[in-house]
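The next block holds one structure in the form of structure tokens; read it before the comments.
Residue numbers (my numbering): 18 to 286.
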């Protein structure tokens, strides 16, 4: 059995002496004292759920520990990112940006502050596909971008090396490893997999087998040139989702990777 990672609130830590922890909190000021009484070596990351909260207590605490700034409404919350720039002195910091209207502005502010970005994709409708394409163009061609924006970064490298990872792995949603512990203690799969669908997902499922048996069983997935990179990600939870928009996005990423490969091959040794 794989050792699981639990996304868990601080008040439930004493009940989970197994696995590792991603501790999520909207009260960062209390976190160092809380974890000092638990097993701090089990903490692999912290998620801050309230960007309006003061994170100063975490600035010099546990140097090197990754911290994620989780946004709910990127169009209104992006100015709050400025409050947390001091975390970068001791921590790698990533902004978690849901793909909702106006999210591109949040990406631009995050990378300008030197935060990495992880997009929460869902099943984007056509207007959001256009904003995703604009975000990709910004990521590819804005010379000041120095931090990865996921999933763009890993998919570009996957195309370049012809060794793709499915989006479930890129976006930290692999069902083999991740569990979500709700505030009431109820345990489920992590992220979008907890929302249900018409293909059962069991804990400790091997990702490749689950993709093959469930998500990618439809003919439009089996014949898709991007199956290895996508892994049926956009067929959950609605299996009838129209992937034509995301295929455009993948096509642009693939073209960019091939252009990069040609440029490097042609460069002087």
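Here a beta-carbon is modelled for each residue, glycine too, at the ideal position from N, C-alpha and C.
Using a 10 angstroms sphere on the CB of residue 279, the tally of other CB atoms stays under 16, which defines it as exposed. Each residue's CA atom was taken as its position, placing residue 267 and residue 153 some 10 Å apart. Under a 10 Å Cβ-count criterion, residue 145 is classified as buried, with 16 or more other Cβ atoms of the shown protein chains found around its own Cβ.
Under the three-state reduction of DSSP, residue 37 is assigned to strand. Taking residue 242 as the centre and dropping the five residues before and after it, the same chain places no C-beta closer than 7 Å to its C-beta.
Residue 161 carries a coil assignment under DSSP once its states are collapsed to helix, strand and coil.
According to DSSP, residue 25 shares a beta bridge with 40. One thing to note: residue 169 has its Cβ no nearer than 8 Å to the Cβ of residue 86.
Spatial neighbours of residue 29 in its own chain (CB-CB distance under 7 Å, excluding positions within 5 residues in sequence) are listed in chain order as 198, 202. Per the C-alpha coordinates, the member of 261, 138, 283, 236 positioned closest to residue 254 is 138. Residue 49 and residue 200 have their C-alpha atoms some 19 Å from each other. For residue 135, no alpha helix (DSSP H) segment is defined; the enclosing uninterrupted segment is the beta strand (DSSP E) at 133-137. For the options 99, 264, 274, the alpha carbon positioned closest to that of residue 179 is the one of 274. Residues of the same chain with a CB within less than 6 Å of the CB of residue 263, apart from the 5 flanking positions on each side, are 251 in chain order. Counting along the chain, the unbroken alpha helix (DSSP H) around residue 186 starts and ends at 184-187.
Judged by their CB atoms, residue 135 and residue 113 are nearer to each other than the 8 Å cut-off. Relative to residue 162, the option among 129, 181, 140, 84 whose CA is nearest is 129. Residue pairing from DSSP places residue 198 in a beta bridge opposite 204. Residue 86: member of the beta strand (DSSP E) spanning 84-87, first to last residue.
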